[in-house]
Every structure is written in C-alpha cells, then in structure tokens.
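So the structure is just underneath, and the comments pick up after that.
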Amino acid sequence: MDVREQLLIGERWVPAASGAEFTTYNPATGEPLGVVADAGAEDVDDAVAAARQGLIDPAWAQLPPAARARSLWGVADLIEGNADELARLETLDQGQPLGVAKTVSLAMAADVFRYYAGWCTKIEGTTSAVSVPGTMHYTRREPIGVCALITPWNFPLMIAAWKLAPALACGNTVVLKPAEQTPLTTVALARLCREAGVPAGVVNCVTGGPVAGRALTEHPDVDKVSFTGSTEVGKRIVVAAAGNLKRVTLELGGKAPSIIARDADIDAAVTGNLQGALLNSGQVCAAYTRFYVDSRRVEEFTEKIATAASELPVGPGLGPNTAVGPLVSQEQVDRVSRYVDLGVEQGAHLVSGGGRPGGDLADGYFFQPTVFSGVTDDMAIAREEIFGPVLSILSYDDADELAARANDTEYGLAACVWTKDLTTAHNLAASIRAGSVFVNMLPFLDPAAPWGGFGSSGWGREMGEHAIDEFTETKGVWINLA
Ligand code: NAD
1 MDVREQLLIG ERWVPAASGA EFTTYNPATG EPLGVVADAG AEDVDDAVAA
51 ARQGLIDPAW AQLPPAARAR SLWGVADLIE GNADELARLE TLDQGQPLGV
101 AKTVSLAMAA DVFRYYAGWC TKIEGTTSAV SVPGTMHYTR REPIGVCALI
151 TPWNFPLMIA AWKLAPALAC GNTVVLKPAE QTPLTTVALA RLCREAGVPA
201 GVVNCVTGGP VAGRALTEHP DVDKVSFTGS TEVGKRIVVA AAGNLKRVTL
251 ELGGKAPSII ARDADIDAAV TGNLQGALLN SGQVCAAYTR FYVDSRRVEE
301 FTEKIATAAS ELPVGPGLGP NTAVGPLVSQ EQVDRVSRYV DLGVEQGAHL
351 VSGGGRPGGD LADGYFFQPT VFSGVTDDMA IAREEIFGPV LSILSYDDAD
401 ELAARANDTE YGLAACVWTK DLTTAHNLAA SIRAGSVFVN MLPFLDPAAP
451 WGGFGSSGWG REMGEHAIDE FTETKGVWIN LA
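At position 315 of the sequence shown the residue is numbered 315 (full-length UniProt numbering), and the sequence of numbers has no breaks.
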C-alpha cells in the first residue's frame, strides 16, 4: 500500500507548512502503511482561519436545515457506499478485526450521520414564560462556532463521526485531528464530507500528534474542544482551554466493573463478559475489566472464561477467523506487559495468557488474552486503566459491599451487572456511579443513547439530544411589545 495524505484546509489539500510528515504503521506486521502530513502550529492557524471563514460563508451559514440534513445523509450514504474499502483501511491502520470494522466502526459511523441528519430540522428554541410586563422572550439555539474535534486511536472513524455529525447538524465548522497512530480513515471521512457537498472550510482536517492537538486547544479562535482520549491529556486540555474559556467536552478513560451475582447465568456471563472485555483487544474505554464474582461461583466462572479466552483465535485483523487482533502499537504492548508483570508481582494468579504469541505473529503488536484470578481491590490491575486484553477476577461474599467496591475508582464510564433478579439489577444500576450501566449485556452504543462518564471519565455527554446541547449556545431574545 502506498498511501500519502495531506491536510485539508479550506478547499485545498496541502502538505504541512514545514514539509514534515510521519509514518503510520500496520500493527499486524509492524510495517509502514503510509505517510501523512505532520501539522504544526502554522497549519493549525490556517485550518482554524478556514473554519472561521466557513462559519460566515453563506453557503453554510444560510444553508436551510433541510439542506444541511441532506448533506449529512449524503455523508452516511458515502460511508456505506465505501464501507468495504474504509473497513479494510481501518483494520490495516488500527488492527481491529475486519468484522469489527464493518459491523461496529463503519455501521455506527453511518448510523450516527443518519441520526443527526434527522436532528437538523428539529433544533428549536422555546418561548419563555417571562413576567416582565409588555415583553416577550424566546430562545434560539445557535452554533458554538469553530470546534476542534480531537480523537484517539481505538475507534478512529467511529469516534470522529460521533463528534462530526452533531457538530455539523448544529451548524458549526470543525477542525478534525485524528490520533497520530491511526489517521487514515479520518482523512477519508473528511474527503467524503467534501464529496457529499459540505462546503469548503466547514470540515478541515489536520493530521499530527500532540503538537497539533495542543495548538488547537490553546488557539484563541477555537470556540469548543470535543475530545476523546486519556484522562491525563483531558486534564491538560482543560488548562489549555482556559485562555478563552472554550467549551469543553471530554470522553476519557474507564475501568468498568462487571458484577456477576450468585444467580447469574454463568454461561451467558462468560460469553458476554469475554466479548465485553476483548472487543478490539480490550482497547475500549468501556471494556469490562474488573470482574466481581460471587465467591460461590468464582471458580466456575474463572475456569470457563479462562478456557474460552485461551481458545480465541489471535491474528491479523484481515484474517478470516481472527477474534483478537493486534494492539495498536509497540508502546501499547509495552504498557500491557508492564501491567501483567505488576499483576504477578502484586500476587494475582495468572490463569491464562500473559505474553506475546510467537511464530508468524512475532513481528506484529499481538498480546494473548490474559486472565488473572485472586485479584484484590488494591492491585494496579484492578485500579488502573490497562487498555488491553487483561481480565482481573475478584471475588465477593457480601453483596452489600458491591456498590462501594465498584465505585472505589476515579473513573465512572461504564459498568455491568449479571443477574436474573430484577431487584439486584435495578438497585445496582442506581447505586453504581457510571455514565452507562449494562444489565446482562455487552457495552452497546447507539446514537440515541447518551454516552459519557462520571468523575475522571469526563465532562458532558455525546449522542442523543445531549450532543445537540453540547454543540449549541442558547441565546435569549427579549422584545419590547409596549
Ligand atoms: P491520548 O489522550 O494519548 O490521545 C488522544 C488524542 O489527543 C490524540 O489525537 C493525540 O494526538 C491528542 N493529544 C495528545 N496530547 C495532546 C495535548 N497535550 N493536547 C491536545 N491533544 C493532545 O489517548 P489515546 O492513547 O489515543 O487513547 C486511549 C485513551 O482514550 C484511553 O484512556 C481511553 O479510555 C480513552 N477513550 C475514551 C473513550 C470514551 O468515550 N470515554 C473512547 C475511546 C477512548
């Protein structure tokens, strides 16, 4: 593959002003996949200026909502029309199994554009019941302005779509910045937006790393940052955004608990938790990672899930039978290995996996699905986000302590409960501090369901009407009728 990509600034595809480029790699082989422009502060200035211009361009600012809806619908059609090629590109650049790229990444990206196409004609103000005599008051929902959309490497196309579709539905203009590990499908998405007739300057795309990200978050002409990534970078963004008090939405890390109650259907829990833990090799912010299992069922659960995990085919994402693809980079392999070593050092019992597979897979960034039992609440593998295929099994005797143990974390993105008892399900759903609680199921996402976290998992919510709130300002208009 010989890919060479540039920056989209206004209507032009251009190299970085400095001429700098970086290489993106295929994580299944460690080989270069393509070369991409490496944006610096000067390019970010240009992209923000183009987005500022796009905001007042009548072709966008005066586009009727119904026409904006047609553009978004057109992007969804193009995503679907190019699904095979885009899915292949996502798998090559990110590593996820092709089936996941097709049924999760591509499907959700198209769905989210369709969903927000519908919203374009439904973003309404209200009349307010004010008590000042001889006046009336109404509200307008207006675009925030220039939005920087900064995304991580685990689901590049899908997460870019989560942000881009509602930002456009609300009439904003954007500068997209994908993660440096996985830029290719986001560049493709920007190209499809132009093809769908989104006017020049409305969608700009700068590829690059933290330098470009920082330049965007510090930029005085950027009005909003929508960020998905690590909690550590999220905190830096809050500081950088203070300069002009940018609006900030943050979707950050997680350490989701999964509770397996005494009455749970263990076989269903094994299947569901395995998928919930190992989708995209565990590189999922909502991945189930700490399993609190009733002590009377813990042996059975551990044995079954460890056996199932060790039987999953590990291989390149393009392999026809692959269930677990590579991690995204060598850095991520090192991170996961460090946590596995820490688990052993701190006294957890390594039941299965724990290392890199050899043979044909030795050159790629693969890691075996790994199951630990006998984990205690204080261990690093129970507390810190690993973002890899590592399952930590803890046991409990006292169900009354469950919520407190599940909540003993700085994160609060997702949680899961496996039980047949409605009272247990509803009581735990109410008492666990997490943005989404899943009962007897995988961590699903849907454009209509709010997504986001408590605590260090972030600020604000994506999806549904929440994203419309996050991408609009409310203006009040007073009229003197006297
Ligand atoms: P990261 O924070 O390292 O990078 C994310 C993005 O931020 C990249 O585009 C990167 O170039 C950019 N960036 C880096 N430094 C920056 C800075 N100082 N200013 C501005 N931008 C900067 O995250 P990652 O390693 O790509 O992704 C993994 C993390 O993302 C995990 O913590 C995971 O939980 C989180 N995540 C959260 C969600 C969610 O919905 N809550 C979804 C996916 C991933």
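Built from N, CA and C at the ideal position, the CB exists for glycine as well.
CB of residue i within 7 Å of CB of residue j, strictly
i, j, result
"Cys-120", "Ala-69", "yes"
"Ile-260", "Ala-269", "yes"
"Gly-453", "Gly-388", "no"
"Leu-98", "Leu-278", "no"
"Asn-204", "Ala-50", "yes"
"Val-112", "Trp-162", "yes"
"Ser-258", "Ser-395", "no"
"Gly-201", "Gln-53", "yes"
"Tyr-115", "Pro-443", "no"
"Ala-179", "Pro-152", "yes"
"Ile-450", "Arg-433", "At residue 450 the sequence reads Pro, which differs from the Ile that was named. Contact flag unset, no."
"Leu-7", "Ala-41", "no"
"Gly-254", "Ala-306", "no"
"Ser-105", "Glu-85", "no"
"Thr-127", "Glu-470", "no"
"Ile-150", "Ala-109", "no"
"Ala-87", "Ala-101", "yes"
"Ser-436", "Ala-403", "no"
"Val-336", "Phe-367", "yes"
"Ala-406", "Ala-256", "no"
"Leu-274", "Thr-173", "no"
"Gly-455", "Glu-251", "no"
"Pro-326", "Gly-364", "yes"
"Val-375", "Ala-399", "no"
"Pro-65", "Ala-37", "no"
"Gly-134", "Leu-481", "yes"
"Ala-160", "Leu-176", "yes"
"Ala-264", "Thr-139", "no"
"Val-340", "Gly-354", "yes"
"Pro-32", "Gly-95", "no"
"Asp-45", "Ile-9", "no"
8 Å contact criterion, which residue i and residue j should meet: CB distance rounded
i, j, result
"residue 519", "Val-390", "This structure gives no information on residue 519, because the portion of the chain shown stretches from 1 to 482."
"Glu-142", "Lys-475", "6 Å"
"Pro-293", "Ile-381", "For clarity, residue 293 is Val in the given sequence; the question names Pro instead. Wrong, their Cβ atoms sit about 15 Å apart, outside the cutoff."
"Ala-76", "Ala-107", "About 11 Å separates the two Cβ atoms, so there is no contact after all."
"Val-93", "Thr-185", "Reading off the sequence, residue 93 comes out as Asp, not Val. Right, their Cβ atoms sit about 7 Å apart."
"Ile-468", "Cys-147", "Contact flag wrong, Cβ pair sits at about 13 Å."
"Phe-472", "Ile-386", "Here the sequence assigns Thr to residue 472, which means Phe is not the residue at that position. Not really, about 37 Å apart at Cβ, beyond 8 Å."
"Phe-262", "Arg-297", "Before going further, note that residue 262 is Arg rather than Phe in the sequence given. Between Arg-297 and Arg-262 the Cβ distance is about 6 Å, and since that is below 8 Å, they are a contact."
"Asp-43", "Ala-17", "5 Å"
"Ile-266", "Lys-304", "7 Å"
"Val-48", "Arg-4", "24 Å between Cβ atoms; not a contact."
"Val-351", "Thr-302", "6 Å"
"Val-324", "Leu-361", "Contact flag wrong, Cβ pair sits at about 11 Å."
Opposing strand residues paired with residue i [DSSP bridges]
i, result
"Met-136", "Ile-479"
"Trp-13", "Leu-8"
"Asp-408", "Partner(s): none; Asp-408 has no beta bridge."
"Trp-451", "Glu-462"
"Ala-37", "Glu-21"
"Arg-290", "Pro-257 and Ser-392"
"Arg-247", "Lys-224"
"Ile-150", "Lys-177 and Phe-227"
"Ser-436", "Ala-414"
"Phe-113", "In DSSP, Phe-113 forms no bridge with anything."
"Ser-352", "Val-371"
"Thr-474", "Arg-141"
"Thr-121", "Looking at the DSSP assignment, Thr-121 forms no beta bridge with any residue, so it has no partner."
"Val-3", "Gly-34"
"Cys-205", "Leu-8 and Leu-176"
"Thr-127", "Tyr-138"
"Val-314", "Val-324"
"Asn-280", "Partner(s): none; Asn-280 has no beta bridge."
"Asn-26", "Glu-31"
Proximity test, residue i beta-carbon vs the ligand SAM heavy atom, cut-off 6 Å
i, result
"Lys-475", "Questions concerning the ligand SAM fall outside what the structure shown contains, since the ligands it does hold are the ligand NAD."
The segment 354-374 in contact with the segment 230-250 per 3-pair CB rule at 8 Å:
Judged by Cβ distances under 8 Å, the segment 354-374 makes no contact with the segment 230-250, as fewer than three pairs qualify.
| said: With three or more beta-carbon pairs closer than 8 Å as the criterion, would you say the segment 192-211 touches the segment 70-89? | reply: A contact between stretches requires three or more CB pairs, one per stretch, nearer than 8 Å, and the segment 192-211 meets this requirement with the segment 70-89.
Counting Cβ pairs closer than 8 Å, one from the segment 144-159 and one from the segment 17-35, do we hit at least three? Touching, no.
* Asked: Contact between the segment 204-222 and the segment 425-432: three or more CB pairs below 8 Å?
  -> In short, these stretches do not touch, since the Cβ pair count stays below three.
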